[in-house]
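Here is the structure we will look at, set down as structure tokens.
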Ligand SMILES: [Zn+2]
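Structure (structure tokens):
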């Protein structure tokens, strides 16, 4: 495990092979006066045990607050590890977790590291939750998912942005790209001096801007900006995934609103079948979704609503 001190009270934990099944997925800790704030919990008890060993002495007289930035499995599987901790998330992240966590655990079981019991947040917030004396705030910042939030260390001007910012482009798991754009614009107004991400370590302000330009390009149905493509030629698959996934999510939302019994998984399976996609590939992986022709997909989706 590699631990990087950030500012006077932040620690970024990065795990190595053998410690986690999913590398480049950090957790971030803010050491407050009364509370320690742990942002996300990686893939299970094994990486969390390493964090515990590292902070055990200092943690003795503190209360641990765990913050889940969003519901995805690589951010919540260690939730159950720390006894006596209090888990906090946005209310939608908790709803998303209740809906998806057991399913995600089944689908991604090969990534389980140590022991896992899905544990849902104890406390939720809608707009913001502030620990005033500590100078720590959890702030709703949707985009990557509908319940995504960030953690701001106001004293140090360090913001943990979770999966909202990635190098060079973020991933889209929610249909509302206007919300994504607003969240990135908001982050840029915070005047933070450090942006801590989950999968890309520390991002520069320039990288936050690049993410914003990309989100805007997709909203406007324009090509990915040339300067991003030039520096990162392999993002084509991810870019196609994002555009196709958002389109499917938009149509699924229309159908969900008009049918209480709408089953998203079944819908996608039928859609893939009708589009004659090889059944062995119905895994909704990034590669599979990226491989679908966008125009054909749009035509098919239009027929469904
Ligand atoms: Zn995520």
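Residue numbers (full-length UniProt numbering): 1 to 305.
Backbone N, C-alpha and C define an ideal beta-carbon position, used for all residues, glycine too.
Unbroken alpha helix (DSSP H) run spanning residue i, endpoints
i           : result
residue 137 : Segment 136 to 140 is the beta strand (DSSP E) holding residue 137; no alpha helix (DSSP H) there.
residue 317 : Beyond the ends of the chain as shown, which are 1 and 305, falls residue 317; an answer cannot be given.
residue 56  : 45 to 59
residue 20  : Unbroken run through residue 20: none, as it is neither H nor E.
residue 186 : 177 to 189
residue 169 : It is not in any alpha helix (DSSP H) - residue 169 carries neither H nor E in the DSSP assignment.
residue 31  : Unbroken run through residue 31 is the beta strand (DSSP E), 27 to 31; no alpha helix (DSSP H).
Where the beta strand (DSSP E) through residue i begins and ends
i           : result
residue 149 : 149 to 153
residue 195 : 194 to 197
residue 128 : 128 to 131
residue 118 : That residue, residue 118, is in no beta strand (DSSP E); it is neither H nor E in DSSP.
Which of helix, strand or coil DSSP assigns to residue i
i           : result
residue 11  : strand
residue 101 : helix
residue 2   : strand
residue 106 : helix
residue 81  : coil
residue 213 : helix
residue 112 : coil
residue 305 : coil
residue 292 : coil
Selection from the options that minimises the alpha carbon distance to residue i
i           : options            : result
residue 119 : 84, 14, 249, 278   : 84
residue 164 : 34, 151, 217       : 151
residue 188 : 201, 286, 211, 68  : 211
residue 175 : 33, 208, 249       : 249
residue 122 : 66, 276, 62        : 66
residue 62  : 71, 38, 1, 191     : 38
residue 159 : 179, 183, 169, 172 : 183
Residue-level contact to chain B via CB, residue i, 9 Å cutoff
i           : result
residue 262 : Protein chains in the displayed structure number just one, and chain B is not present.
When you compare the region 86 to 93 with the region 17 to 31, are there three or more beta-carbon pairs, one atom per stretch, that lie closer than 8 Å? no
For the region 91 to 105 and the region 22 to 35, state whether three or more C-beta atom pairs, one from each stretch, are separated by less than 8 Å. no
Return the chain-ordered ranges of every alpha helix (DSSP H) run that is complete within the region 232 to 288 and spans a minimum of 4 residues. 236 to 258, 264 to 274
Please determine if the region 258 to 266 and the region 188 to 206 are in contact, where contact requires at least 3 C-beta pairs separated by less than 8 Å. no
With a cut-off of 8 Å, do at least 3 Cβ pairs link the region 100 to 118 to the region 139 to 154? no
With contact counted as at least three CB pairs below 8 Å, one residue from each stretch, are the region 121 to 141 and the region 42 to 52 in contact? no
Contact between the region 267 to 284 and the region 292 to 299: three or more CB pairs below 8 Å? yes
Kindly confirm or deny that the region 50 to 57 and the region 66 to 76 touch, where touching means at least three C-beta pairs closer than 8 Å. no
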